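Per our numbering, residue 766 is the first one in the sequence shown, and the count goes up by one each step. Think of the CB as a built atom: it goes at the ideal place given N, C-alpha and C, for glycine as much as any other residue. Nothing here was measured: the structure is a model prediction, and the numbers come from that model. One structure is given here, and the rest of the page talks about it.
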Amino acid sequence: MTSRALEDRFPARPGDTRLNDRYKIVRKVGTGVFSDTWLVQDEKPDIGKYHAAKILTRDATRRHESGESQELQFLKKIAECEDIDGLPVLRDDFVISGPRGDHMCFIMDLLSTNVSSLRLQSPTKSLPSYLVKNIISLTLQGLMQLHSLDIIHTDVKTDNIMVGGVGDDARIETFLTSEPVAVEGEFELDGEKYPLCRPQPIPHQFSWNSSPHHAEIITITLIGLGQAQWAGKQPTVDQFSAPSLRAPEIILQSSFGPKLDIWSIGCITFELLTGRWLFNPEEGEDWTVEDDHLAKMMELTGESFTPEVLQHARRRQDFFDDSGKLLRISEVFPGSLESALGNYKILDEKDIKPAAEFIRSCLHLDPSKRPSAEELQLAPWLEDAFHC
């Protein structure tokens, strides 16, 4: 990490730094582009002794102040719900002062690692079908609640799907005792020296090949609301999602709604089942990455962009001619999701068609034809989720 990037983050000393005169920093458990997450000990506990403190960078804090990011609003809206299912629970929030400026801090329930790291443990980088079904079903539960609050996540990806099950205080303390704080060096800021801490997430009890019976007790939390948007309101930014997961309405800059998240569900279902991205567009001599992405969408779904869809696209003329054909890619070669799933020789033959039908339902180029999260939860492919 560059010195400039370090200057943008809140420098902490495990065992010494206290947040808001209440939360003692114990160790780093995660890091991201816009925040660091620390395991903290609540010295005035009312619900549990240990929590996660998500401390935003100065840049992310400024994005909140300008209204570009609304994560705190969304977390507070979720916290108003009587029952929170599969979404992050905000326990406290405040602003702390660092050497170079203010940082927003969210105190939340402690989680383990993400589904991406679970997948990457597998030799094939994929997960068993029964485990994927459970993960997708639980993620949809989180989306159902989010969408009922008129919140569009916009960044559903395996990095943002966290596994729970860190255990009680005694289990956490056993881990803390057995694994000393990992310090990889130090850095200096305004004459003060601070440790460079390596993230040490609290481990969960699952592995990529957990048995069907064991997989039934997995819990999932959908995090990462930094890019989320209110449904029906003017978006605060133009681009959302990881590039490979972007729905067509994002590339075309059409109006969008909760069905944007359903597109992502289709993409990550394929990723978890095969260990490969569903879309991996590339730039060519005569076309852009976005041209290739739109072409691959048409090839894989067997659909075309209808006049009704394109008439609402602000960037239609960037990609399509008046007849609705791509400007820079003249030939589109239809494929099938069944073939794409079968190419990797991972899924059993009998599982390919049901999985393909589930994914296909998420990937309609017209968002209005995609199912809602609630409807998708009832899809035949998920009927045996949590049934070993």
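#1: Could you give the first and the last residue of the continuous beta strand (DSSP E) run that contains residue 1192?
#2: What separation, rounded to the nearest whole angstrom, lies between the Cα atoms of residue 873 and residue 1008?
#3: Rounded to whole angstroms, how far is the Cβ of residue 948 from the Cβ of residue 960, which I believe are closer than 8 Å?
#4: Is it true that the CB of residue 968 sits closer than 8 Å to the CB of residue 794?
#5: Between 791, 855, 1138, 801, which has its C-alpha nearest residue 770's C-alpha?
#6: For residue 803, which three-state DSSP category applies?
#7: Compare the beta carbon distance of residue 815 and residue 937 with 8 Å and say whether it is the shorter of the two.
#8: Please list, in chain order, all residues of the same chain as residue 1145 whose beta carbon is under 7 Å from its beta carbon, the five residues on each side excluded.
#9: Could you round the C-beta distance between residue 870 and residue 818 to whole angstroms and report it? I think they count as a contact, below 8 Å.
#10: In three-state terms, what does DSSP make of residue 986?
#11: Distance check for residue 944 and residue 779, CA to CA, integer angstroms please.
#12: For the stretch 971-1024, which segments carrying the beta strand (DSSP E) assignment without a break, of at least 3 residues, lie completely within its bounds, in sequence order?
#13: Assuming residue 1141 and residue 1030 form a contact by the criterion Cβ under 8 Å, report the distance between their Cβ atoms to the nearest whole angstrom.
#14: Is residue 1138 near residue 912, with beta carbons less than 8 Å apart?
#15: In angstroms, rounded to a whole number, what distance separates the CA positions of residue 1052 and residue 1061?
#16: State the start and end residues of the unbroken alpha helix (DSSP H) segment that holds residue 772.
#17: In this structure, does DSSP put residue 847 in helix, strand or coil?
#18: In whole angstroms, give me the CA-to-CA distance for residue 821 and residue 772.
#19: Under 8 Å, do residue 864 and residue 955 count as touching if we go by C-beta distance?
#20: Going along the chain, which residues of its own chain have a beta-carbon closer than 6 Å to the beta-carbon of residue 1048, five neighbours each way excluded?
#21: Specify, as a first and last residue, the run of the alpha helix (DSSP H) that residue 1155 falls within.
#22: Going by DSSP, what residue range makes up the beta strand (DSSP E) through residue 796?
#23: Distance, Cα to Cα, residue 785 vs residue 861?
#24: Spatial neighbours of residue 915 within its chain, please: CB distance less than 8 Å, with the 5 preceding and 5 following residues excluded, ordered by chain position.
#25: Given that a residue counts as buried once 16 or more other Cβ atoms are within 10 Å of its Cβ, and exposed if not, what is residue 806?
#26: Residue 991: beta carbon under 7 Å from a heavy atom of the ligand SAM?
#27: By alpha-carbon positions, which one of 829, 834, 768, 875 ends up nearest to residue 930?
#28: Terminal residues of the continuous alpha helix (DSSP H) containing residue 858?
#29: Here's the rule I'm using: 16 or more other beta-carbon atoms within 10 Å means buried, otherwise exposed. How should residue 880 be labelled?
#30: By how many angstroms is the C-alpha of residue 1095 removed from the C-alpha of residue 928?
#31: Just to confirm the assignment, what range does the beta strand (DSSP E) spanning residue 871 have?
#32: Cβ of residue 892 within 8 Å of Cβ of residue 1037?
#33: Go ahead and label residue 974 buried or exposed: buried means 16 or more other beta carbons lie within 10 angstroms of its beta carbon, across all protein chains shown.
#34: Cα-Cα, which of 1044, 1070, 1066, 1050 is closest to residue 1058?
#35: Taking the straight line between their C-alpha atoms, what separation do you get for residue 1128 and residue 1012?
#36: In terms of residue numbering, what span does the alpha helix (DSSP H) encompassing residue 1058 cover?
Taking the structure as given:
#1: Because the chain here runs from 766 to 1153, residue 1192 falls outside it and cannot be looked at.
#2: Distance between the alpha carbons of residue 873 and residue 1008: 28 Å.
#3: Right, the Cβ-Cβ distance comes to about 5 Å (below 8 Å), so this counts as a contact.
#4: Going by C-beta atoms, residue 794 is not nearer than 8 Å to residue 968.
#5: Closest in alpha carbon position to residue 770, among 791, 855, 1138, 801, is 801.
#6: Strand, per DSSP.
#7: For the 8 Å CB-CB criterion, residue 815 and residue 937 form a contact.
#8: The residues are 1119.
#9: Yes, they are in contact, since the Cβ atoms of residue 870 and residue 818 sit about 6 Å apart, within 8 Å.
#10: In this structure, residue 986 counts as strand in the three-state DSSP scheme.
#11: Straight-line Cα distance between these residues: approximately 14 Å.
#12: Segments of the beta strand (DSSP E) lying fully in the stretch 971-1024: 985-987.
#13: Your pair residue 1141 and residue 1030 checks out as a contact, with CB atoms roughly 7 Å apart and the cut at 8 Å.
#14: The Cβ-Cβ distance between residue 1138 and residue 912 falls below 8 Å.
#15: Near 13 Å, if we compare the C-alpha coordinates of residue 1061 and residue 1052.
#16: DSSP places residue 772 inside the alpha helix (DSSP H), whose first and last residues are 768-772.
#17: DSSP, reduced to helix, strand and coil, places residue 847 outside both helices and strands of the structure shown, so it counts as coil.
#18: About 12 Å.
#19: Yes.
#20: The answer, listed in chain order, is 1054.
#21: Outside the shown range of the chain, which is 766 to 1153, sits residue 1155, and nothing can be said about it.
#22: 788-796 is the span of the beta strand (DSSP E), which, as asked, contains residue 796.
#23: Rounded to the nearest angstrom, the two C-alpha atoms are 7 Å apart.
#24: Contacts found: 995, 996, 997.
#25: Per the 10 Å Cβ criterion, buried.
#26: Absence of the ligand SAM is noted for the structure shown, with no ligands found whatsoever.
#27: It is 875.
#28: That residue, residue 858, is in no alpha helix (DSSP H); its beta strand (DSSP E) goes 855-863.
#29: Counting other Cβ atoms within 10 Å of its Cβ, residue 880 reaches 16 or more and is therefore classed as buried.
#30: In a straight line, the C-alpha of residue 928 is about 44 Å away from that of residue 1095.
#31: Where residue 871 is concerned, the enclosing beta strand (DSSP E) starts and stops at 866-873.
#32: In contact: residue 892 and residue 1037 (Cβ atoms closer than 8 Å).
#33: The Cβ neighbour count for residue 974, taken over all protein chains shown within 10 Å, is under 16; the residue is labelled exposed.
#34: Residue 1044 is the option with its Cα nearest to residue 1058.
#35: Approximately 8 Å between the Cα atoms of the pair.
#36: Start and end: 1054-1066.
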